[in-house]
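Only one structure is covered here, and it is reproduced in the block below.
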Amino acid sequence: MDIRSWEERYRSRDRKAEDVDAEPTPLLVGTARNLNPGRALDLASGTGRNALWLARHGWQVTAIDGAHSAIEILRDRAQRAKLAVEAEVQNLQSSDLQIPNLRLETRAFDLVAICYYLQRSLFAPAKEAVKPGGVLLAIVHTTEGDEKPTESRLCPGELRLYFQGWEIQHYYEGKPADPAHKRAVAEIVAQRPTN
Ligand SMILES: C[S@@+](CC[C@H](N)C(=O)[O-])C[C@H]1O[C@@H](n2cnc3c(N)ncnc32)[C@H](O)[C@@H]1O
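This note's numbering numbers the first residue of the sequence shown as 81 and each following residue consecutively.
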């Protein structure tokens, strides 16, 4: 789905149950509970189910999404809950994660999350954004059966290849534990080496 379609989906609130009302993703919650709260970056945050959970649990959160409407909803939810979430959406261009030479703060975040968003070129800058000793968590859809990999679906085994040299703390491929999703996923939690 392109940004325009996401924009429409969030504005119409047609799928509010899967977006605004969805619970935080279980892997994010399980992982963050075992970490000391610090700075977190939620890439392709949507309306903030994960960013808001992190903020509620003491994390200082930056959320980036390409859809203005998602960030507006996220800001509104954060304000109502009196939570500090630094929702970055200066304009569609600058929050589009697909812009060439995307620049994220480097070595800045204790936790970087990419949940249910696949952009192969994002793994390198997202990894750079993690502090040494910090953690990157990613959940992406994978192909099923005879399907060929696409821009939005990795092939089985592909996700771990982006994290060579990192300590893999969790890796899973199969049906998602997240009730907001049905298609097969690959999940990873990987720790950046300290040196
Ligand atoms: C399936 S939703 C996942 C939202 C959230 N991470 C979650 O798990 O609930 C995918 C998100 O990616 C965002 N997105 C899609 N293309 C993007 C792009 N090029 N740059 C930034 N965000 C994008 C959409 O706006 C949407 O919010």
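Even glycine gets a Cβ: it sits at the ideal position worked out from N, Cα and C.
Since we're looking at a predicted model, the values are computed, not measured.
Name the residue from the options whose alpha carbon lies nearest to the alpha carbon of residue i.
| i | options | result |
| --- | --- | --- |
| Leu216 | Arg93, Gly146, Leu123, Asp176 | Leu123 |
| Ile153 | His137, Leu163, Gly128, Asp176 | Gly128 |
| Val141 | Asp156, Pro212, His148, Ala167 | Ala167 |
| Leu198 | Ala209, Glu224, Pro229, Asn275 | Pro229 |
| Ile268 | His261, Arg240, Pro259 | Arg240 |
| Ile248 | Glu227, Arg272, Glu98, Asp82 | Arg272 |
| Tyr252 | Arg187, His148, Val220, Arg89 | Val220 |
Assuming residue i and residue j make a contact with CB atoms under 8 Å, what is their CB distance in whole Å?
| i | j | result |
| --- | --- | --- |
| Pro117 | Trp86 | With 8 Å as the limit, Pro117 and Trp86 do not qualify as a contact, their Cβ atoms being about 29 Å apart. |
| Leu177 | Leu202 | 6 Å |
Looking at residue i: is its Cβ nearer than 8 Å to the Cβ of residue j?
| i | j | result |
| --- | --- | --- |
| Ala150 | Gly126 | yes |
| Ala264 | Gly254 | yes |
In whole angstroms, give me the CA-to-CA distance for residue i and residue j.
| i | j | result |
| --- | --- | --- |
| Phe243 | Asp190 | 16 Å |
| Pro104 | Trp133 | 7 Å |
| Ala52 | Leu121 | The displayed coordinates of the chain run from 81 to 275. Any statement about residue 52 would go beyond what the structure contains. |
| Leu108 | Val192 | 10 Å |
If you measure from the beta carbon of residue i to each beta carbon in chain E, is any gap under 8 Å?
| i | result |
| --- | --- |
| His137 | Absent from the structure is chain E; it holds one protein chain and no more. |
I'd like to confirm the pairing. Which residues does DSSP put opposite residue i in its beta bridges?
| i | result |
| --- | --- |
| Gly254 | Val265 |
| Ala120 | Val141, Leu191 |
| Glu247 | Gln271 |
| Thr127 | According to DSSP, Thr127 bridges with nothing at all. |
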